[in-house]
Each structure stands twice: as C-alpha cells, then as structure tokens.
Amino acid sequence: MAIDRTLAKKITKDIIISLFIYSLPVLALITYFHFTGETPWLNPPKAQSDNAPHFLKFIEPGIKGLNLWGFYAITIILGAVEFAFGLYDNKWKSSERKIDIVCFVAPKFLMPPVSAWFTLTVLPYLLPHSANIFTWVPFWGGCFLIAIADDLTQYWYHRLHHQLPLLWRFHRTHHSAPYMGMAMAGRQNFIYTVFFSQIYLTSALVYLGLGYSALFVLVVKSLITLSAHSSIAWDKPFYKYKVLHPFAWVLERLISTPATHHAHHADTSDDGVGYYKGNFGNMFFIWDVIFKTGIITRKFPQSYGLKHYKAEEWYAQFLWPLFKSKKEGSELAKNGPVVGDEVPGYNGELKIA
Amino acid sequence: MITLQDVVILAKKIAISIAAIIIPLVVLGGGLYLIKQLIH
Numbered sequence: 086m087a088i089d090r091t092l093a094k095k096i097t098k099d100i101i102i103s104l105f106i107y108s109l110p111v112l113a114l115i116t117y118f119h120f121t122g123e124t125p126w127l128n129p130p131k132a133q134s135d136n137a138p139h140f141l142k143f144i145e146p147g148i149k150g151l152n153l154w155g156f157y158a159i160t161i162i163l164g165a166v167e168f169a170f171g172l173y174d175n176k177w178k179s180s181e182r183k184i185d186i187v188c189f190v191a192p193k194f195l196m197p198p199v200s201a202w203f204t205l206t207v208l209p210y211l212l213p214h215s216a217n218i219f220t221w222v223p224f225w226g227g228c229f230l231i232a233i234a235d236d237l238t239q240y241w242y243h244r245l246h247h248q249l250p251l252l253w254r255f256h257r258t259h260h261s262a263p264y265m266g267m268a269m270a271g272r273q274n275f276i277y278t279v280f281f282s283q284i285y286l287t288s289a290l291v292y293l294g295l296g297y298s299a300l301f302v303l304v305v306k307s308l309i310t311l312s313a314h315s316s317i318a319w320d321k322p323f324y325k326y327k328v329l330h331p332f333a334w335v336l337e338r339l340i341s342t343p344a345t346h347h348a349h350h351a352d353t354s355d356d357g358v359g360y361y362k363g364n365f366g367n368m369f370f371i372w373d374v375i376f377k378t379g380i381i382t383r384k385f386p387q388s389y390g391l392k393h394y395k396a397e398e399w400y401a402q403f404l405w406p407l408f409k410s411k412k413e414g415s416e417l418a419k420n421g422p423v424v425g426d427e428v429p430g431y432n433g434e435l436k437i438a
Numbered sequence: 339m340i341t342l343q344d345v346v347i348l349a350k351k352i353a354i355s356i357a358a359i360i361i362p363l364v365v366l367g368g369g370l371y372l373i374k375q376l377i378h
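These protein sequence lines map, in sequence, to chains A and B.
Heads up, the first sequence is in the numbering used here, so the first residue is 86 and it goes up one at a time.
Heads up, the second sequence is in the numbering used here, so the first residue is 339 and it goes up one at a time.
Pasting the structure below:
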C-alpha cells in the first residue's frame with residue numbers, strides 16, 4: 086500500500102525541520118562556550134556527574150531507584166487504584182488482561198540481554214575509543230540534548246508507525262485496548278519494542294558520556310508518559326479553574342497530557358475530540374504543535390481502541406508477524422488487510438480549545 | 339508461519355529504525371565533536 090504523495094512531501098519537510106531541531110542543543114552549547122569562554126574538553130572529568138550541580142547528589146538515589154524498580158511499582162499501584170475505582174469501565178476482560186500482562190512482564194526479561202549486547206558489544210565495536218568522550222558536556226546541556234534526541238526520535242518512530250501502512254501492524258497492539266490506564270501503558274508488540282530507535286540512540290549517547298543527564302531526563306519522561314496514559318485525569322483541574330488556564334495553555338503545548346494522549350487512543354476522529362491520526366508526542370507535545378500533527382480540545386473521548394478490533398489472540402498481538410491471528414479478516418491474520426479501516430495518517434491542522 | 343512478505347516488511351522496519359538512530363547520532367555526536375575542534 087503506497088502512501089499519499091502529499092503525506093510523503095509533508096514527512097520529508099518535517100524530517101528536514103527535525104534535523105535543525107536536533108542541532109539546537111549543539112548550537113546552545115556553542116553559544117554558551119562562546120560567551121563564557123569555558124573549554125571543559127581540555128580537562129574533561131572522568132564522569133559527567135563530577136561536574137553536575139551538587140543538589141542532584143541528594144536526589145540521585147531516588148532517581149536511580151525509580152529507574153530500577155520504582156516505575157514498575159508505580160505502574161502496578163496506579164493500575165490497582167484505577168481498577169478499584171472502576172476506571173476501566175469493565176472492559177478489562179480476561180483476553181485483554183492476558184495481553185497486558187504478557188506485554189508488561191515479558192520485555193522485562195527479553196530486553197535486558199538485548200540492551201546489554203548493544204551496549205557492551207555493538208557500541209564498542211562501532212564506536213571504538215569513544216567511550217566517555219563527551220563527559221565534558223555540562224549537565225544542563227546533556228539534559229537538553231538527551232531530551233530532544235530521545236523524545237523527537239520516539240515522536241518520529243511513533244508517527245511513522247501510524248503514517249506508513251507497512252508499519253501500522255507493529256504498533257496496533259498498543260491501540261487495540263478499549264480502555265486507558267496503567268494496564269495498557271506498556272502494551273506493545275515485542276517487535277515494536279525491540280526496535281525502538283530512541284533506546285539505542287540514548288544508549289549510544291550514554292556510552293559517549295552523557296549518562297548522568299540521561300538518568301534524570303528518562304525519569305521525567307517516564308513520569309510524563311505514564312501519567313498521560315493513566316485513566317486518572319490529573320490535568321482536568323487545569324481546564325476547570327480559570328486561574329489555571331494560562332498554565333494549562335503552556336502545559337498542553339509542551340508535554341503530553343491525559344487529554345491530548347487519550348485523544349490519540351480514541352476509536353474515532355469523527356467527534357472532534359478523538360484524534361488517532363495525530364497527537365504522536367510522548368514526553369513533549371510540542372513536536373505535534375511544530376509539525377501540526379495534533380489537536381488540543383481539553384476533552385476526553387467517549388471510547389477507546391479500534392473500530393475494527395477483533396480481540397485477536399495474545400500471541401498474535403505480542404509477536405506478529407512471527408505468530409498470526411486465526412481471526413478471519415483481522416489485520417494480524419495470515420492474509421488479513423494491512424490496515425483494517427483506513428490508513429491512520431496525517432489529516433489535519435492543530436486545533437485549539 | 340512467517341512469509342517472505344513479512345521478512346520484507348521486517349527488513350524495511352529495521353532499516354527505518356536504524357536510520358532513526360544514525361541520523362540524530364551523526365547530527366549530535368558530530369556537533370559535539372565539532373565544538374571541541376572549533377572552539378579553543
């Protein structure tokens with residue numbers, strides 16, 4: 086299935102703009118060093134953390150704990166709260182539960198060997214003598230760099246899985262849940278997860294010496310993306326109280342909120358609230374603002390998931406195309422359609438509430 | 339059962355993933371390397 090020529094042009098144009106955005110942290114560092122006269126690369130620290138602000142040392146154990154096990158605990162606790170308050174609308178059926186649990190547990194065992202092999206074998210082979218060559222980058226510069234590198238790359242990875250029909254079925258599992266919440270936050274086809282570009286990009290930047298910045302940025306990113314998937318709509322007070330509207334205006338353009346991300350998981354775009362054809366941002370929503378791929382309505386969709394969902398088997402959802410669905414007419418079946426209803430692609434301009 | 343068509347799709351997907359790693363890495367890594375070379 087070929088993609089529309091207008092869409093192809095739009096993608097090309099946005100990739101060129103992205104190259105400029107990727108270069109912004111470098112331009113900021115050049116400006117900083119030009120005006121301060123600092124030349125930290127002449128006497129680089131052994132680790133980036135050596136030159137980081139001291140107050141970070143106090144919160145470092147907490148941040149490391151969150152990265153190691155804290156987010157698993159948060160996901161389980163928040164998920165239990167959502168379930169207890171009936172926020173899954175009785176749609177968390179046993180077939181869906183199986184998919185969510187497999188997608189949550191299996192990558193915890195399958196991904197570490199892949200990450201370790203990439204970090205310990207592939208990177209030293211591809212970038213010899215380059216370990217820790219950028220430890221001189223200031224903490225703030227590293228954070229700016231990692232935030233843009235990691236999140237803009239994930240934006241593109243995500244957007245292309247919606248806009249290129251050949252990629253859609255790898256991402257479909259994340260959209261097949263008819264509910265929002267912690268249960269489905271990690272629901273992904275494993276092939277989608279294992280080829281997540283930003284994981285390897287950020288690993289490479291850590292290998293080059295930006296590990297301390299990455300540690301902090303990834304915690305903030307995880308908090309934002311988890312809370313955007315939650316069925317606890319923490320952003321509603323920002324829309325309800327007039328005094329908070331200026332904060333809401335900034336917030337909803339800067340980061341993914343439950344409202345904008347729930348819209349992305351809606352099962353229709355026809356009601357003016359749901360927008361599965363856009364709102365691709367993960368940590369930052371600003372990419373959707375810049376590339377005009379988002380809508381902001383401050384409303385929540387009536388229903389989630391896919392109109393053409395056939396409740397496919399857990400193994401097909403987790404491991405397609407290695408395992409196929411037996412459900413007739415399913416996108417995940419042997420001779421199923423590439424895209425069930427229409428191509429979930431770009432088709433709109435940014436709308437403001 | 340995986341088909342030839344699946345293999346082609348997988349290959350294209352992997353190629354896109356690799357491009358999405360290399361392009362920003364070249365811009366950012368190359369940029370940081372240039373800072374070192376250009377500013378004295």
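We treat Cβ as the ideally placed atom computed from N, Cα and C, and that holds for glycine.
So with Cβ pairs under 9 angstroms, would you call L376/B a contact of chain A? The count along the second sequence starts at 1 and reaches residue 376/B at position 38. Yes - at least one Cβ of chain A is within 9 angstroms of the one on L376/B.
Quick check: is the beta carbon of S200/A nearer than 9 angstroms to any beta carbon in chain B? The residue given as residue 200/A occupies position 115 in the first sequence. Residue-level contact check: S200/A does not touch chain B, since none of the beta carbons of chain B fall below 9 angstroms from its beta carbon.
Given a limit of 7 angstroms on CB to CB distance, which residues of the segment 358-377 of chain B reach chain A? Correct list: A358, I359, P362, L363, V365, L366, G367, G369, L370, I373, K374 and I377.
Of the listed residues I186/A, D320/A and Y292/A, nearest to I161/A (C-alpha basis): Here residue 161/A refers to the residue found at position 76 of the first sequence. Answer by Cα proximity: I186/A.
By how many angstroms is the C-alpha of Q375/B removed from the C-alpha of W126/A? Working through the first sequence from its first residue, we reach residue 126/A at position 41. Working through the second sequence from its first residue, we reach residue 375/B at position 37. Their backbone Cα atoms lie some 10 angstroms apart in a straight line.
Residue range of the alpha helix (DSSP H) that includes D373/A: For the purposes of this step, residue 373/A is identified with residue 288 of the first sequence, where counting begins at 1. DSSP places D373/A in the uninterrupted alpha helix (DSSP H) bounded by I371 to I375.
Y285/A, DSSP secondary structure in three states: On the first sequence, position 200 is the one that residue 285/A refers to. Helix, per DSSP.
What residue range is occupied by the uninterrupted alpha helix (DSSP H) comprising S441/A? A question about residue 441/A goes unanswered here, because the residues of chain A that appear run from 86 up to 438.
Per DSSP, what are the beta-bridge partners of Y292/A in this structure? Taking the first residue of the first sequence as position 1, residue 292/A is located at position 207. Beta-bridge pairing links Y292/A to no other residue.
Since I340/A sits in a beta bridge, which residues does DSSP pair it with? In the first sequence, residue 340/A corresponds to position 255, counting from 1. In the DSSP output, where bridge partners are listed per residue, I340/A has F369/A.
Within its chain, find whatever has a CB closer than 8 angstroms to the CB of Y173/A; leave out the 5 residues flanking it on each side and keep chain order. Counting from 1 along the first sequence, the entry for residue 173/A is found at position 88. Cβ neighbours of Y173/A beyond the five flanking positions: E167, Y264, G266, A268 and S316.
For the candidate residues L293/A, A401/A, K409/A and H243/A, whose alpha-carbon lies nearest to that of V364/B? Walking along the second sequence from the start, residue 364/B turns up at place 26. Per the C-alpha coordinates, the member of L293/A, A401/A, K409/A and H243/A positioned closest to V364/B is L293/A.
On the DSSP letters alone, give me the boundaries of the alpha helix (DSSP H) that H246/A sits inside. Sequence index remark: in the first sequence, residue 246/A carries index 161 (1-based). Residues F224 to Q248.
Could you tell me the alpha carbon to alpha carbon distance between W154/A and Y297/A, rounded to whole angstroms? What you label residue 154/A is simply residue 69 of the first sequence in a count that begins at 1. What you label residue 297/A is simply residue 212 of the first sequence in a count that begins at 1. Approximately 18 angstroms between the Cα atoms of the pair.
Got a sec: is the Cβ-Cβ distance from A289/A to anything in chain B below 9 angstroms? Here residue 289/A refers to the residue found at position 204 of the first sequence. Taking Cβ atoms only, chain B reaches closer than 9 angstroms to A289/A, which makes this a yes.
In angstroms, rounded to a whole number, what distance separates the CA positions of W177/A and F170/A? As a first step, residue 177/A is located in the first sequence; it is residue number 92 there, counting from the start. As a first step, residue 170/A is located in the first sequence; it is residue number 85 there, counting from the start. Distance between the alpha carbons of W177/A and F170/A is about 13 angstroms.
Using DSSP bridges, identify the partner residues of S410/A. Here residue 410/A corresponds to residue number 325 of the first sequence, with the count starting at 1. DSSP lists A418/A as partners of S410/A.
Give every residue of the same chain whose Cβ lies closer than 7 angstroms to the Cβ of F301/A, excluding the five residues on either side of it in the sequence, and list them in chain order. In the first sequence, the residue the question calls residue 301/A occupies position 216. When the five nearest sequence neighbours on each side are left out, the beta carbons in the same chain lying within less than 7 angstroms of the beta carbon of F301/A are those of I148 and C228, in order along the chain.
Cβ separation of I359/B and L286/A, assumed to be a contact under 8 angstroms, to the nearest whole Å: In the second sequence, residue 359/B corresponds to position 21, counting from 1. In the first sequence, residue 286/A corresponds to position 201, counting from 1. Going by Cβ atoms, the distance from I359/B to L286/A rounds to 5 angstroms, so yes, they are a contact pair.
Can you find at least 3 beta carbon pairs, one from the segment 271-288 of chain A and one from the segment 248-263 of chain A, that sit closer than 8 angstroms? Contact between the segment 271-288 of chain A and the segment 248-263 of chain A is present, because at least three Cβ pairs lie under 8 angstroms.
Grab the span of the alpha helix (DSSP H) containing T91/A for me, first residue to last. Here residue 91/A refers to the residue found at position 6 of the first sequence. Looking at the DSSP string, the run of the alpha helix (DSSP H) that includes T91/A is R90 to T121.
Consider the Cβ of S415/A: report whether some Cβ of chain B lies at a distance smaller than 9 angstroms. On the first sequence, position 330 is the one that residue 415/A refers to. False, the Cβ-Cβ gap to chain B never drops below 9 angstroms.
Relative to chain B, which residues along the segment 201-223 of chain A have a C-beta separation below 9 angstroms, given in chain order? Going along the segment 201-223 of chain A in chain order, one finds L212, S215, I218, F219, W221 and V222 with a Cβ nearer than 9 angstroms to chain B.
Under three-state DSSP, which class holds Y394/A? Indexing the first sequence from 1 puts residue 394/A at position 309. Secondary structure of Y394/A (DSSP, three-state): coil.
Y107/A touches chain B at which residues, Cβ-Cβ below 7 angstroms? Position 22 of the first sequence holds residue 107/A. Per Cβ cutoff of 7 angstroms: P362, V365 and L366.
Short of 7 angstroms Cβ to Cβ, which residues in the segment 296-316 of chain A face chain B? Residues of the segment 296-316 of chain A that bring their beta carbon within less than 7 angstroms of a beta carbon in chain B are absent altogether.
Residues near A113/A in its chain [Cβ-Cβ closer than 8 angstroms; skip 5 each side]: Within the first sequence, numbered from 1, the residue matching residue 113/A stands at position 28. Excluding sequence neighbours, A113/A sits near G226 and F229.
Contacts of V111/A in chain B (Cβ-Cβ under 8 angstroms): As a position in the first sequence, residue 111/A is number 26, starting the count at 1. Within chain B, the residues near V111/A are V365, L366, G369, L370, L372 and I373.
Strictly under 9 angstroms for the Cβ-Cβ distance: is L342/B near chain A by that measure? Locating residue 342/B in the second sequence gives position 4, where the first residue counts as 1. No, no contact with chain A.
Applying the criterion that 16 or more other CB atoms from any shown protein chain within 10 Å of the CB defines a buried residue, is T220/A buried or exposed? Numbered from its first residue, the first sequence carries residue 220/A at position 135. So T220/A ends up on the buried side.
Keeping to the same chain, check which residues put their C-beta closer than 8 angstroms to that of L404/A; ignore five residues upstream and five downstream. Position 319 of the first sequence, counted from the start, is the residue given in the question as residue 404/A. Closer than 8 angstroms at Cβ, skipping near neighbours: N274, F275 and I276.
Check each candidate in G122/A, Q248/A, Y210/A and N136/A and name the one with the smallest Cα separation from K95/A. On the first sequence, position 10 is the one that residue 95/A refers to. Residue Q248/A is the option with its Cα nearest to K95/A.
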